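Numbering (this note's numbering), first residue to last: 5 to 444.
Heads up, the beta-carbon is just placed ideally off N, CA and C, and yes, glycines get one too.
Quantities reported herein were computed from a predicted structural model and do not represent experimental measurements.
Here's the structure, in structure tokens; my notes come after.
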């Protein structure tokens, strides 16, 4: 593979395009999973649980995804994920009982974890440090664009057909994404692949050795994940509370999704030029404060304005967790570390909506929403406290003249836009959290 300087444009065919297509398929099935359950005789509560199983599958797949990518490589891991996704989606099509559909949906969520983790790990390895935030924000943006486009394509597919036809659309997307990964060569080989690989390290040892990172910054990541995911729950619930009809709610969701997808690249640019906290903290503050304000809305206009601000807060945070993971992950065990890192975020994504749902069940939806608003502020404070401790780019842009990013962290490099700066952070404060055998 070539070791020429890597650009974002050069990443489009091998990284961003397959991710976009795969996520279109995932986005298409998300609104239809619950409906599929209803056609098989599920109650409304059980149908909602089926949708939650997609996230459960992703949580279950996070750590194994890191181990698989470390063992077979990022590219092969993506091919395996796409192949298994074809099987699991075929299972969704052919399911005749609820337990069959539940099993297939859970397994599909796990393939999504593998696919995304593998691309994140590869991009972290090969992208120049000076482009890291923009690259990972764009990768996160592809997921958002896919989630935005997917439901519209799914609606076209099932317009005059049974609901389960949407799984055929997702299956085709998985096949196309896999073929792109197979046929389009990666633009560069990961640096770790070119070097002598260290002895295999277990996931458990990664968690133990870096427990301080996961118990501090990882907790902040958990909170971020919970606040982000909760917005998907609180908006439809509060819309129903206000008496808005489903079509109006869908239009508002479309507007929010558009705002969300338009802001990922500018936020990545700010993170690269000014530092991670300039986006991470405002994103959480906006999300937290808008969720706290949501119970104060009493009509369509105020609801739409707050929802759009919520979409803006989420959109500017696109890629921030992946970027921070790239900053702190030790190069020699990057895939396994990122698997645990994603577990922290996805666990929060599953836990946040449960808090709101439980509060709604107890008769105080507004209290549950407000509690998550407070969680957003706490998440901002946690990021402000812990990001500077572990990321060398917390308040210093990777492309700032004279910044740490401009210094070559590895022998033979020649600046932030050259191959020698790929893949690893300049330093990680917390020497006790690092394995001396992994120093380079």
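Span separating the alpha-carbon of residue i from that of residue j
| i | j | result |
| --- | --- | --- |
| residue 241 | residue 294 | 15 angstroms |
| residue 342 | residue 164 | 42 angstroms |
| residue 178 | residue 222 | 31 angstroms |
| residue 93 | residue 99 | 10 angstroms |
| residue 95 | residue 63 | 20 angstroms |
| residue 339 | residue 119 | 12 angstroms |
| residue 407 | residue 401 | Because residue 407 sits at a pLDDT of 44, beneath the cut-off of 50, its placement in the model cannot be relied upon, and the following sentence gives the value as read from the coordinates. Approximately 7 angstroms between the Cα atoms of the pair. |
| residue 116 | residue 172 | 16 angstroms |
| residue 314 | residue 204 | 43 angstroms |
| residue 415 | residue 345 | Residue placement at residue 415 cannot be trusted, given a pLDDT of 30 that sits under 50; the coordinates are not used to answer. |
| residue 327 | residue 46 | 40 angstroms |
| residue 125 | residue 78 | 7 angstroms |
| residue 114 | residue 169 | 21 angstroms |
| residue 18 | residue 122 | 12 angstroms |
| residue 75 | residue 265 | 34 angstroms |
| residue 271 | residue 13 | 18 angstroms |
| residue 127 | residue 251 | 39 angstroms |
| residue 371 | residue 312 | 21 angstroms |
| residue 280 | residue 80 | 31 angstroms |
| residue 91 | residue 97 | 10 angstroms |
| residue 25 | residue 180 | 7 angstroms |
| residue 104 | residue 72 | 26 angstroms |
| residue 278 | residue 20 | 24 angstroms |
Cβ pair residue i, residue j closer than 8 angstroms
| i | j | result |
| --- | --- | --- |
| residue 237 | residue 360 | yes |
| residue 383 | residue 260 | no |
| residue 354 | residue 224 | no |
| residue 70 | residue 207 | yes |
| residue 288 | residue 231 | yes |
| residue 150 | residue 86 | no |
| residue 325 | residue 66 | no |
| residue 308 | residue 256 | yes |
| residue 2 | residue 226 | The structure shown does not extend to residue 2, since the chain spans only 5 to 444, so no value can be given for it. |
| residue 366 | residue 304 | no |
| residue 15 | residue 191 | yes |
| residue 369 | residue 363 | yes |
| residue 184 | residue 68 | no |
Residues of its chain near residue i, where Cβ-Cβ distance is below 8 angstroms and the 5 sequence neighbours each way are ignored
| i | result |
| --- | --- |
| residue 302 | 246 |
| residue 39 | 51 and 167 |
| residue 282 | 274, 275 and 399 |
| residue 102 | 41, 44, 45, 46, 50 and 54 |
| residue 155 | 31, 32, 34 and 35 |
| residue 60 | 110, 113 and 354 |
| residue 350 | 59, 62, 63, 66, 117 and 229 |
Residues near residue i in its chain [Cβ-Cβ closer than 6 angstroms; skip 5 each side]
| i | result |
| --- | --- |
| residue 296 | 374 and 377 |
| residue 234 | 356, 357, 360 and 376 |
| residue 258 | none |
| residue 244 | none |
| residue 88 | 115 |
| residue 174 | 29, 32, 33 and 93 |
Sequence-distant residues of the same chain with beta carbon closer than 7 angstroms to residue i, five excluded per side
| i | result |
| --- | --- |
| residue 392 | 398 and 399 |
| residue 298 | 238, 242, 310 and 373 |
| residue 186 | 83 |
| residue 268 | 141, 142, 144, 145, 148, 319, 322 and 323 |
| residue 390 | 220, 221 and 224 |
| residue 37 | 54, 55, 58 and 109 |
| residue 317 | 287, 290, 291 and 294 |
| residue 253 | 240 and 243 |
| residue 28 | 150, 153, 154, 157 and 177 |
| residue 448 | Here the chain covers residues 5 to 444 and nothing more, so residue 448 does not appear. |
Three-way DSSP call (helix, strand, coil) for residue i in this model
| i | result |
| --- | --- |
| residue 25 | helix |
| residue 386 | helix |
| residue 131 | coil |
| residue 249 | coil |
| residue 374 | helix |
| residue 402 | coil |
| residue 308 | helix |
| residue 392 | helix |
| residue 107 | helix |
| residue 138 | helix |
| residue 162 | coil |
| residue 119 | helix |
| residue 32 | helix |
| residue 322 | coil |
| residue 188 | coil |
| residue 46 | coil |
| residue 263 | helix |
| residue 101 | coil |
Notebook entry, point to check: Does the segment 32-45 touch the segment 157-175, meaning 3 or more C-beta pairs lie closer than 8 angstroms?
Noted result: Yes, the segment 157-175 is in contact with the segment 32-45.
Check: Does the segment 130-139 come close enough to the segment 99-113 that 3 or more CB-CB pairs lie under 8 angstroms?
Finding: Touching, no.
Notebook entry, point to check: Do the segment 393-403 and the segment 326-343 make contact, defined as three or more Cβ pairs closer than 8 angstroms?
Noted result: Yes, since at least three Cβ pairs between the segment 393-403 and the segment 326-343 fall closer than 8 angstroms, the two stretches touch.
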